[in-house]
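Be aware that the sequence shown starts at 424, since it is given in this note's numbering, and climbs by one per residue.
Down below is the structure, laid out as C-alpha cells.
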Amino acid sequence: MAVGPGIAGCVTDRRDGEVLTDAVLTTKRIRVDWESAAGSFRTHVLSAYPDQSTLRGTVAAEIDDVVRSIDDIRVPESVDDRLRSAFDDFAYAVGVGHEDADEEDTGDETITFDSAPPSTVSREQFNRLQFGDSLDVRLSGTSFDPNLELLERNEGRHDGPTEMVISSRDFSDVHSGRDPPSI
Numbered sequence: 424m425a426v427g428p429g430i431a432g433c434v435t436d437r438r439d440g441e442v443l444t445d446a447v448l449t450t451k452r453i454r455v456d457w458e459s460a461a462g463s464f465r466t467h468v469l470s471a472y473p474d475q476s477t478l479r480g481t482v483a484a485e486i487d488d489v490v491r492s493i494d495d496i497r498v499p500e501s502v503d504d505r506l507r508s509a510f511d512d513f514a515y516a517v518g519v520g521h522e523d524a525d526e527e528d529t530g531d532e533t534i535t536f537d538s539a540p541p542s543t544v545s546r547e548q549f550n551r552l553q554f555g556d557s558l559d560v561r562l563s564g565t566s567f568d569p570n571l572e573l574l575e576r577n578e579g580r581h582d583g584p585t586e587m588v589i590s591s592r593d594f595s596d597v598h599s600g601r602d603p604p605s606i
C-alpha cells in the first residue's frame, strides 16, 4: 500500500511535551466503530465545533440530550453505557487551539487548529472541557496517536460561541444499509 505525501509527514508533526497556554476548545467529538455483514464502519455520533460566533455540528438523535447548551455538552454515565454496549469501539475526543484576532479583515476571532486531529480523552475530561473555557494543556504523541493532558482550566474565560446550530439526525436512518447498532 502506497502512502501519500501528506500522510508520512503527519506522523511526527506533534512536538512531544508542547504546552499550549490560554488555548480554547476547537472541537468535541464522539467517534464510534462497528462491524456488520455490510462491512466495518467508523463515524461520529457527536461532532461540535465553533465557526465564528456559532457552535455548529451534528448529534445522533438517540443521544441528543448530551447537548444541553452552547457551553454544556456532557455525556451522562447512562449514555456512556449505551454507547459501550452498542458499538465495538468508541472514543471521546477534543481538539484545542488558539484564538487569534483577524484584525485585517473583519475583526472577528478565528481559531487556528494547533492540535488537529483531536486527542482522545476520558469521559470525565470530555465533560469537564467546554467551549469558552481557557485551557492550559500539554500535547504529546503523534497525529495518529495524539495525547492531551489538561494542566489548568479557567471556566468561561474566553468568549465562546453565542449561537448554536447542532443538527439532530436519527443514527439508524443516516446509516441504513450499513446495519448500524441500536443506540
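Just so you know, even glycine gets a beta-carbon here, dropped at the ideal spot from N, CA and C.
Pairwise C-alpha distance: residue j and residue i
{"i": "D456", "j": "S605", "result": "13 Å"}
{"i": "V502", "j": "L448", "result": "22 Å"}
{"i": "E398", "j": "A460", "result": "Since the first residue of the chain shown is 424 and the last is 606, residue 398 is not available in this structure."}
{"i": "A616", "j": "M587", "result": "Nothing can be reported for residue 616: it is not among the residues displayed for the chain, which extend from 424 to 606."}
{"i": "V498", "j": "D568", "result": "23 Å"}
{"i": "N570", "j": "E578", "result": "22 Å"}
{"i": "R601", "j": "D593", "result": "14 Å"}
{"i": "L558", "j": "S545", "result": "16 Å"}
{"i": "A524", "j": "D582", "result": "Residue confidence for A524 is low, a pLDDT of 39 falling below 50, so the modelled location carries little weight and cannot support an answer."}
{"i": "F536", "j": "T444", "result": "Only weak support exists for where F536 lies, its pLDDT of 44 falling under 50; the coordinates are left without a value."}
{"i": "G518", "j": "T450", "result": "5 Å"}
{"i": "A509", "j": "I486", "result": "12 Å"}
{"i": "G440", "j": "H521", "result": "17 Å"}
Identity of the residues DSSP links to residue i by a beta bridge
{"i": "V482", "result": "L469, S591"}
{"i": "F554", "result": "Bridge partners of F554: none, in fact."}
{"i": "A514", "result": "R454"}
{"i": "F464", "result": "W457"}
{"i": "G564", "result": "P569"}
{"i": "D495", "result": "S492"}
Residue range of the unbroken alpha helix (DSSP H) whose run includes residue i
{"i": "R551", "result": "546-551"}
{"i": "S492", "result": "Premise fails: S492 lies in the beta strand (DSSP E), 490-492, not in any alpha helix (DSSP H)."}
{"i": "E500", "result": "500-509"}
Cβ-based neighbour list, residue i, same chain, cut-off 6 Å, excluding 5 preceding and 5 following
{"i": "V490", "result": "V482, I496, I589"}
{"i": "F549", "result": "Y515"}
{"i": "F464", "result": "W457, R601"}
{"i": "T543", "result": "A514, A516"}
Own chain partners of residue i with C-beta closer than 7 Å, once the 5 adjacent residues on each side are dropped
{"i": "E458", "result": "D511"}
{"i": "P584", "result": "P473, S476, T477, L478, I493, F554"}
{"i": "R452", "result": "H467, L469, S470, A516, P541"}
{"i": "R580", "result": "D556, S557"}
{"i": "E572", "result": "V560, R561"}
Terminal residues of the beta strand (DSSP E) in which residue i lies
{"i": "V455", "result": "441-459"}
{"i": "P541", "result": "It is not in any beta strand (DSSP E) - P541 carries neither H nor E in the DSSP assignment."}
{"i": "P569", "result": "569-577"}
Cβ-based neighbour list, residue i, same chain, cut-off 8 Å, excluding 5 preceding and 5 following
{"i": "A484", "result": "S591, R592, D593, F594"}
{"i": "H598", "result": "F464, T466"}
Residue i at chain C interface by Cβ criterion, 7 Å
{"i": "T477", "result": "The structure shown contains no chain C; it is built from a single protein chain."}
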